[in-house]
Amino acid sequence: MSEACQRFRHRLRPALGRPRSRSSPHPGGHVTALARPLTGSLAVLLAAATLGAAPPDGTRPEPAAERQLPVISPTPQHMSRVADDVRLGGRAEVVVGKDTDAAARQLLTRTLRAHGVRDIDVTTRAGHHAPLTLLLGPAGRADIAAALRGTDVPDHAEGYALRVAGRRSGQATVALGGTDAAGQYYAVQTLRGLITKGRIAGAAVSDHPNMPLRGTIEGFYGSPWTNEERLDQMDFLGDVKANTYVYAPKDDPYHREKWRDPYPADKLDQLGRLVKRATAHHVRFTFAVSPGNSICYSDPADTKALTAKLQSMYDLGVRSFSVPLDDISYTKWNCAGDEKKFGAPGRGPAAEAQVGLLNTVQRDFIATHDGTHPLQMVPTEYGDLTDTAYKQKLRSTLDKGIEVMWTGTEVVPSGITNDQASKAAELFGRKVFVWDNYPVNDYGQTAGRLLLAPYDKREAGLSDHLSGIVSNPMNQEAASKLAVFTIADFAWNDRGYDVRRSARQSALHLAGGDPRVADAVQTFVDLNHLAPTFGPTPWQPQSPVLSARLAAFWKAYDTDPKAALKQLRPTVDGIAEAPAVLRAGVPDKLFLHDADRWLDATALWGSAMRHGLATLTAVQNDDSARAAKERAAMDADAIAAGKITSDPAETRPHGPVKIGDPFIGDFLAKVREIQDAATEG
C-alpha cells in the first residue's frame, strides 16, 4: 500500500515488557438472557448429563444409547461414535515411546490430573494393570495402529487419529496417534474436548488442518501487548490448534529502523521466553524484520546484516522468519548503487530488487539451517487484485517456496471469496497467506469499540487457494480471543465451519465451560458485534440479536403494550446483569481487564433500559409521578454511560466506549418521546 495509506496499516508499536494499567473489577448481578435462543440449538456440552459417582477403582463403559458426542473445536474433519463412553477413575497408564512428543505427553498427564486421575503410570509398555490405558505417539507405532482399529490416519501434516474403546473386562484404551509431533499434541487437545464430567466420549476422530498456517500476527498500531499477554497468547493458540504467531512490530527500532543492530540482552531474554512458550504449544514464533526503508539491495553488506539478524533469532530458537516489504516507496532508492543496478525506481525495478534479496535469504539462510520453515514476505502491493509489473516480476522470479501475504481486496475487506483468492493466487504464482485485519481496532472507525463478532463472510473452500490465515488482533489481547477462536476454527476446517456453532464454542471457552456464563458472553458479544471497514458500511452489523428484539418490541407495543413490556424484560435484564455474571464467572482475568470499561458501560446502559421499561410501565398505569422518576433515573444512567471512554494508554484511537449503538440510544429516545407525550396529554 502507498505511503499515503500508512495510517491505515495494522502493525504493532511495541514496547516489550512495558507495563500497562490494570483496573479493578466491579460487583454486580447474576442473570443473562440475550443469547438464550442460541443455547438450545448450539448446546456444546452434549454429553454432560447428570451422572452417578464413578467407581473408586477404575473405569466402566457407559451405554451410548442416543447420547451425542461433544462438540469439538476446531471442527474435526471426521468424528463418529464407535463405543460407549468410558468413565475416568483414579488410575491410568500412559504408554509412550521415544517418538512421543514431550509437549503432548505433558498436556495429557495434566489433563488426566485435572479430571481427577491421581495415579498415572507413564511407561513404555502397556501392563494393563490400570483400568484405563492411553497410547500416545506416532500413528504408525504398532500398539497405536492396532488400537486405532482402522480409524483413518490422515496423510497430512499435523494430522492425527484418535479412538476410544471400552472393554467388557472393565479396561479401556484410548489411542492417540499423530502423523507428526504436532499431530500428537492436537490429538490430546481433542481428547480434552471429549471429556465431560469425568467421562470420555466413545469417539473415533480422523483429523487434520485444511490450511497449513493458522494464528495471529501482532501487527497493530497503539499500545502493544505486554509480555504477560504475549505469553498468554501462546497458551491460547495451542488450545485452539493454531500454529503461528508473527512478531511484526513496526515501531520496534530493532525490527525496522535499527534492523542492522542486534537486540539488547534484556530484549533478547524476553523474546527468548516467548519463543520457548510458543514451542511448548507447537506454535511457530515467526520473527519479522522490515529493512525496506533503508536497505541498499545492491550492497552485499546489507544482505549480510539481514542474515546476521536472522541468525541471532535462530540462535534464540526461532525457526520461522518473515521479511515484510510493505510501507515503502516505489519512487526512490535508498542508495545510488540500487539505481545503477536496477534502473530508475518503479514497480518492476522494486520487485526485481526485492526478489533478489528474498531469494538470497531463502537460498543461503533458510535452506541451510535445520528446522526452518519457508520464508514469509509481505509484498508492497498486498491489498488488491490488479496485475502490475511488480506482481509479474514476483510471480515469475520469486522462489516458489516463499510465502506471500495478502490482506484481501482491501486493507479491511468486507469478505473474501474463492474467486478473489483464486485470482490472488494466480497473480502471485502460489497460494497466498492471508493477513486478515480482523478484529484489529486501531483505525478511526473503531474508536471506542471492541470487535467481538465471530468470523464471517469468508467462503468455504478458501483452503484451495490459501496457505493460511493469520488474524491481526486488537490492542486488547485477551478480548481478541473471542474472534480469534472462530478464525482458528475456520482456518482448520473451512468447509466444516459453522459461524453460530463456533460463536457458541468461543463463548464456552471463555466461560470455562459454564453455559450460563457463556450466555452472558454472547450477550456481551452481541453488544460489541460491529465490524467496521474504512468506509461507511460495516462488514458485520451491530447487535443483530438486540436490534431484532427491539424492532419486534416496538411493533408489539403499538397493539399490546403490557405484553410487549413483559416479553422484552428478560432481554433487558440480561444486558444489565451480564457484566456481573462475567466478572464472577470468567476465569480469564486478562479478558476482564481488557473489557473492564465496556462492562461498566454495559451495566449502565442496561440499567438505563430497565428504567426505560419502568417508565413505559408507569405510563401504561397512568402513574405520571412514577414515570417522571424512572425517566430521570434512566437519563442519569445514560449520561453516566456516555462519559465512559476507552483507556488512552491502551487503545488507539481513543474515544467514548460504544455499546449496542445506535439501538440502545434509540430505545431510550423513544421512551422519552412516549413519556413526554403522556405528560403533555
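Numbering follows this note's numbering, with no gaps: position 172 of the sequence shown is 174. Think of the CB as a built atom: it goes at the ideal place given N, C-alpha and C, for glycine as much as any other residue. Just so you know, these numbers come straight off a predicted model, no measurement behind them.
What does the alpha-carbon distance come out to for the pair residue i and residue j?
i: Leu359; j: Ala167; result: 54 Å
i: Asp491; j: Pro441; result: 15 Å
i: Phe665; j: Val659; result: 15 Å
i: Gly350; j: Tyr187; result: 45 Å
i: Val561; j: Ala554; result: Contrary to the premise, residue 561 reads as Thr rather than Val in this sequence. Distance between the alpha carbons of Thr561 and Ala554 is about 12 Å.
i: Val523; j: Leu164; result: 31 Å
i: Ala206; j: Leu178; result: 10 Å
i: Ser1; j: Val486; result: The chain is shown from 3 up to 683; residue 1 falls before or after that span and cannot be answered.
i: Asp2; j: Ile202; result: The structure shown does not extend to residue 2, since the chain is modelled only from 3 to 683, so the question has no answer here.
i: Val363; j: Lys311; result: 11 Å
i: Thr246; j: Val277; result: 11 Å
i: Gly319; j: Ala280; result: 10 Å
i: Gly240; j: His284; result: 7 Å
i: Arg143; j: Val124; result: 17 Å
i: Val176; j: His158; result: 21 Å
i: Pro29; j: Leu570; result: The pLDDT assigned to Pro29 is 28, lower than 50, so where the model puts this residue is not dependable; a value taken from the coordinates is nonetheless given after this. Cα to Cα, Pro29 sits roughly 24 Å from Leu570.
i: Val527; j: Val574; result: 15 Å
i: Ala85; j: Gly204; result: 4 Å
i: Ile368; j: Asp328; result: 21 Å
i: Tyr249; j: Thr419; result: 27 Å
i: Val375; j: Arg321; result: According to the sequence as given, residue 375 is His; it is not Val. Their backbone Cα atoms lie some 6 Å apart in a straight line.
i: Lys564; j: Trp600; result: 31 Å
Can you tell me where the beta strand (DSSP E) with residue i in it begins and where it stops?
i: Ala132; result: Counting along the chain, Ala132 falls outside any beta strand (DSSP E), and DSSP gives it neither H nor E.
i: Pro326; result: Ser322 to Pro326
i: Glu259; result: Unbroken run through Glu259: none, as it is neither H nor E.
i: Thr228; result: Segment: none, Thr228 is in no beta strand (DSSP E) and carries neither H nor E.
i: Asp123; result: Asp121 to Thr125
i: Trp494; result: From DSSP, Trp494 is part of no beta strand (DSSP E) but of the alpha helix (DSSP H) over Glu479 to Trp494.
i: Leu164; result: Tyr162 to Gly168
i: Trp335; result: First-last for Trp335: undefined, no H or E at that position.
i: Ala174; result: Ala174 to Gly180
i: Thr288; result: Arg286 to Ala290
Leaving out five residues before and five after residue i in sequence, what residues of the same chain have Cβ atoms less than 6 Å from its Cβ?
i: Arg397; result: Phe430 and Gly431
i: Ser504; result: Pro456, Thr488 and Asp491
i: Val357; result: Thr399 and Leu400
i: Glu341; result: Trp335
i: Ala149; result: Leu137, Thr175 and Ala177
i: Gly514; result: Pro589
i: Ala449; result: Pro655 and Gly657
Within a Cβ cutoff of 7 Å, which residues of the same chain sit near residue i, ignoring the five residues on either side of it in sequence?
i: Ile330; result: Gly294, Asn295 and Thr382
i: Ala282; result: Ala105
i: Asn336; result: Ser296, Ile297 and Cys298
i: Gly446; result: Pro655
i: Tyr499; result: Thr77, Ala462, Asp491 and Phe492
i: Arg628; result: Ala620
i: Asn623; result: none
In this structure, what does DSSP give as the bridge partners for residue i?
i: Pro658; result: Thr647
i: Val534; result: The sequence given here has Pro at residue 534, not Val. None, per the DSSP bridge assignment.
i: Ile418; result: Arg460
i: Leu374; result: Leu is not the amino acid found at residue 374; the sequence shown has Thr there. None, per the DSSP bridge assignment.
i: Val413; result: Note: Val413 sits in no beta bridge, so no partner.
i: Glu405; result: Gln378
i: Val96; result: Val124 and Leu136
i: Tyr473; result: With the sequence shown as reference, residue 473 is identified as Ser, and Tyr is not the correct amino acid for it. Thr218 and Asp438, per the DSSP bridge assignment.
i: Ser208; result: His80 and Ala163
Output needed for residue i: all residues of its chain with C-beta closer than 8 Å, excluding positions within five of it in sequence on either side, in chain order.
i: Lys483; result: Phe238, Ser508, His511, Leu512, Asp590 and Phe593
i: Arg24; result: Per-residue confidence for Arg24 stands at a pLDDT of 33, beneath the threshold of 50, marking its modelled position as unreliable; the derived number appears in the next sentence. If we look at Arg24 and ignore the five residues flanking it on each side, its Cβ neighbours are His595.
i: Thr1; result: Coverage of the chain is limited to positions 3 through 683, which leaves residue 1 absent and any answer about it impossible.
Note the first and the last residue of the continuous alpha helix (DSSP H) segment covering residue i.
i: Trp600; result: Asp598 to Gln622
i: Tyr187; result: Ala183 to Leu196
i: Thr362; result: Arg349 to Asp366
i: Ala525; result: Looking at the sequence provided, one finds Thr at residue 525 rather than Ala. Counting along the chain, the alpha helix (DSSP H) containing Thr525 begins and ends at Pro517 to Leu529.
i: Met315; result: Pro302 to Leu318
i: Gly80; result: This sequence places His at residue 80; Gly is not what is there. That residue, His80, is in no alpha helix (DSSP H); its beta strand (DSSP E) goes His80 to Arg83.
i: Asp340; result: Ala338 to Phe344
i: Trp556; result: Pro546 to Tyr559
i: Val673; result: Phe665 to Glu682
Is the beta carbon of residue i within less than 7 Å of some heavy atom of the ligand NAP?
i: Leu584; result: Because no ligand of any kind appears in the structure shown, any question about the ligand NAP cannot be addressed here.
Are the segment 461–469 and the segment 569–583 in contact at 8 Å, needing three or more beta carbon pairs? no
Contact between the segment 632–643 and the segment 598–614 is defined here as three or more beta-carbon pairs at a separation below 8 Å; is this criterion met? yes
Any contact between the segment 257–274 and the segment 87–102? By contact I mean 3 or more CB pairs, one from each, below 8 Å. no
Hey, is the segment 204–224 in contact with the segment 148–165, meaning 3+ C-beta pairs nearer than 8 Å? yes
Under 8 Å: do the segment 473–482 and the segment 192–202 share three or more Cβ pairs, one atom per stretch? Two segments are said to touch when three or more pairs of C-beta atoms, one from each, lie closer than 8 Å; by this definition the segment 473–482 does not touch the segment 192–202.
Are there three or more Cβ pairs, one per stretch, closer than 8 Å when the segment 404–418 is compared with the segment 541–556? yes
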